[in-house]
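See below for the structure under consideration.
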Amino acid sequence: MRIDARNLDYRELNDRIRQAVAAGEKSFALLNVNGQRYIGDGISGDIQIAIHGVPGNDLGAFMDGPTIRVRGNAQDAVANTMNAGRIVVAGHAGDVLAYGMRGGELFVRGRVGYRVGIHMKAYRGKRPVVVAGGTAGDFLAEYMAGGLLIVLGLDRRPGEPLVGDWCATGMHGGALYVRGEIEPWRVASEFASVRRAVDADKQEILPHIEAFCEPFSLDADQLIRDDYLRIAPISPRPYGAKYAA
Amino acid sequence: MSNTIARRGENTASEAPAPKPTRAVRAPIYRPSDFLWSRDVERCALCKRCVQQCGFDAIRWENGPVADPAKCVGCHRCEAFCPQKAITIAPNPQFLRPHPLWTEAHRKNLWIQAETGGVLLTSMGNDLPYPILWDHLLLDACQVTNPSIDPLREPMELRTYLGRKPDRIQIEMTDDGPELAEDIAPSLMLEVPIVFAAMSYGSISLNAQKAIAMAAQELGTFWNTGEGGLHEDLKPYAHRAIVQCASGRFGVTADYLNAGAAIEIKIGQGAKPGIGGHLPGEKVSAQVSETRMIPTGSDALSPAPQHDIYSIEDLRQLIFALKEASNYEKPVSVKIAAVHNVAAIASGIVRAGADIVYLDGFRGGTGAAPTIIRDHLGIPVEIAIAVVDEQLRQEGIRNRASLIAAGGIRSSADAAKAIALGADAVALGTGALLALGCTLCQRCYTGRCSWGITTQDPALTRRLDPYLGSRRVANLVRAWAAELEEILGAMGVNAIESLRGSRERLRAVGLDSTTMEILGVKPAGAGA
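What follows is the structure in structure tokens.
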């Protein structure tokens, strides 16, 4: 189903999608998308949505299964509290991506902004995966409670840091991998430890890097040969000793 | 002594290395216990029941029960279950020399911190003797010229709708008679102006939550999941639930959002304004883990702010994300702690699209909070209701959202006064737990509640029968409802709607003029 989103309010656009999904429609092409929020919010099932243009905030929030492909950039709060599904962004994406994300995948070819992966969490068979092709901003993996975050740092400008400051603050679960080196002071050492990724680690991330590379025609075999750092929490109970009774 | 100035982290030769910071110093400090435990040896049947009943391991068996007063929290479980009524728990008479500044509580807290170096935790509501404004407000009654109404024979209306009301009613005539021209926004219909406060599974036991959920269903009102998700066993009561979405997003899925009757964004809590929640790993049992959708034993951390909400615009974004996820079929509530600037904040929340604003005063309860936060942050809910109601009226947007007031509603009188000040309904948290047998020992954070209310230990939670518990909670609310009808009748009105925001029916005793001005209430003795 093709929907021309030009001059459509987000509410009308999303209402049309919801009604079509209820009627059994499985595939959508949204044309001329220009900042409409909440696309894919709360929808579930085996549904494909191709977005031409720039979707607005909260793309795929609370989403449970569908696949969204964005031809352009995405804005803030993509994959907010997402439960399952896949979101692939060809351009850059904004701040607070994957907040509280519990499952599924978010692949961003370009850079990602601040506060990515806050309180991502894994549960039983669910393990959310976020791969950023470019660099990431401050507060990456803040309060991270589970899942996998991978920052590849492709197309870095000279002097551009791979990740921002205050990385892994409050981290108490999951793992963060970065391709390349980061200055130790960027990582909150009271919460997380940093070490060089070994072969077993690379085995862990390889399938996700392959899945990331596929839609962007990148060479996963090439990327996995590089050096990675693995950043993981020191304790699942970072504040256990802070309180007295 | 050398004059050399050492750079940080660098010892000069003459300087002794700094001692390493140490924790858990067991120095011999005298700290009298809060309680003394004693038994009447002649009456004691040596049945060991007190040993079994204590959730805090304060009583051991040495040819008879022997108590460690330092561990006794004064919850009276052993006393209540002693078949011989042989146990007495009393305040420890070995009190410290009184000092008006360095109270016993200050000294005891300081000693614990000197030992542990930790932030002190506590539970339930603020227990310091701040003025209680409810006790300075009196309700009006009818005499001679404005007859009262007899609630024993006249119908009394307590039904309350929570949610957005239209700016104006437009009616069009159809063949079937007059009809509303526009749809009314979704709202909650309550048979009593009382809902249950948010208490998560994790902070309270499943049996406690179930008791409250069942009572809500029976009473025609609503319970609140808190931020712990919705347990499978409570799905039959989901249509009577307000489901919470907080910063930890525990158990929040599209199904969860659509299961409830309304959705609540938790920004803050009266007992701990501005700080996050923190369910310690040892309370994250297999069942709690399943409901919150996190691994067992991991801390369930709710960050202090929701890191996607730094402004009213951001809040609006989440409100509408939730409305989109629930197809605009559920009212969205925003819960905040009552703080200094509450009126402007509430105005922003309403303008952001919230259908309900939940105001939690500084006396509100908690499963666990730092004592220093609970006891010193926030403002009274009485003030918050008055200033928020006034601000929304001044801006002409009072109809756009309903107000729920919470944080120390102790009786139907407090509820009536809250509604007269401008609240649409009140929320009951501590009151509901008291109805389940809580004695307010304030040790919920330990997870050892002997009454089975704020614990996840199966040996303790099975002590609380949800069916019997729901009877007690429902009884309490029914009693308050009957009292509210009595109050309304005495005031000469037959609907709670007529009392709502009617501050003219309140008078103040013993309040200063500024406080009265803020409350919008005249002093007792001032006529209409």
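Heads up: the sequence lines are chains A and B, in that order. Going by my numbering, the first residue of the first sequence is number 5, and it counts up by one from there. Going by my numbering, the first residue of the second sequence is number 24, and it counts up by one from there. Note that beta-carbon positions come from the ideal geometry of N, C-alpha and C, so glycine has one too. All of these numbers come straight from a predicted model, not from anything done at the bench.
Residue pairing by DSSP places residue 357 of chain B opposite B:288 and B:380 in a beta bridge. Neighbourhood of residue 30 of chain A in chain B, by CB distance below 7 Å: empty, with the nearest CB roughly 18 Å away. Within the region 38 to 62 of chain A, the residues whose Cβ lies closer than 8 Å to some Cβ of chain B are 41, 42, 45, 46, 47, 48, 61 and 62, listed in chain order. The beta carbon of residue 226 of chain B sits closer than 6 Å to those of 390, all from its chain and outside the five residues before and after it, given in chain order. As a beta-bridge residue in DSSP terms, residue 224 of chain B pairs with B:227. Residue 109 of chain A is bridged by DSSP to A:90 and A:133. By the criterion of a C-beta distance shorter than 7 Å, residue 236 of chain A is surrounded in its chain by 179, 196 and 197, once the five residues flanking it on both sides are discounted. Interface residue (Cβ-Cβ distance to chain A less than 8 Å): residue 343 of chain B is classified as such. Segment contact: the region 439 to 446 of chain B against the region 56 to 70 of chain B, fewer than three CB-CB distances shorter than 8 Å; contact not assigned. Chain-ordered, the chain A residues with CB closer than 8 Å to the CB of residue 322 of chain B read 176, 240, 241, 242, 243 and 244. DSSP places residue 237 of chain B in the helix class (H, G or I) of the three-state scheme.
Secondary structure at residue 155 of chain A: strand, using DSSP grouped into helix, strand and coil. With contacts defined by Cβ atoms closer than 8 Å, residue 174 of chain B and residue 512 of chain B form a contacting pair. When DSSP states are grouped into helix, strand and coil, residue 118 of chain A belongs to the coil group.
Here the alpha carbon of residue 21 of chain A sits roughly 29 Å from the alpha carbon of residue 329 of chain B. The C-alpha of residue 502 of chain B lies about 17 Å from the C-alpha of residue 176 of chain B.
Against chain A, the CB of residue 520 of chain B has no partner CB under 8 Å away; the residue lies outside that interface. DSSP, reduced to helix, strand and coil, places residue 539 of chain B within a helical segment of the structure shown.
Positions of the beta strand (DSSP E) runs, each at least 3 residues long and wholly inside the region 64 to 122 of chain B, are given as 82 to 84, 88 to 90 and 110 to 114 in order along the chain. The alpha-carbon separation between residue 85 of chain B and residue 54 of chain B amounts to approximately 25 Å. At a cut-off of 8 Å between beta-carbon atoms, residue 71 of chain A makes no contact with chain B.
Taking CB atoms only, residue 272 of chain B has a neighbour in chain A less than 8 Å away. Taking the Cβ atoms as the reference, residue 276 of chain B lies roughly 22 Å from residue 32 of chain A, outside the contact range of under 8 Å. Less than 8 Å divides the Cβ of residue 79 of chain B from the Cβ of residue 471 of chain B.
Of all residues in the region 71 to 97 of chain B, none places a beta-carbon less than 7 Å from a beta-carbon of chain A. By the beta-carbon neighbour count (other beta carbons within 10 angstroms, threshold 16), residue 425 of chain B is buried. For residue 490 of chain B, the secondary structure class from DSSP, reduced to helix, strand or coil, is helix. Remark: three or more beta-carbon pairs, one from each stretch, lie closer than 8 Å, so the region 216 to 234 of chain B and the region 465 to 485 of chain B are flagged as touching. With a cut-off of 8 Å on Cβ pairs, the region 383 to 402 of chain B is in contact with the region 350 to 370 of chain B, counting three or more such pairs. For residue 35 of chain A, the enclosing beta strand (DSSP E) begins and ends at 31 to 38. Neighbours of residue 280 of chain B in chain A, taken as residues whose beta carbon is under 9 Å from its own, are 46 and 66 in chain order.
Within the model, the alpha-carbon separation for residue 542 of chain B versus residue 205 of chain B is close to 36 Å. The shortest C-alpha to C-alpha distance from residue 110 of chain A to any of A:68, A:128 and A:24 is the one to A:68. Excluding five sequence positions before and after residue 17 of chain A, the CB atoms of its chain that fall closer than 6 Å to its own CB belong to 9 and 40, given in chain order.
Here residue 218 of chain A is exposed. Its C-beta has fewer than 16 other C-beta atoms within 10 Å. When the five nearest sequence neighbours on each side are left out, the beta carbons in the same chain lying within less than 6 Å of the beta carbon of residue 77 of chain A are those of 58, 95 and 96, in order along the chain.
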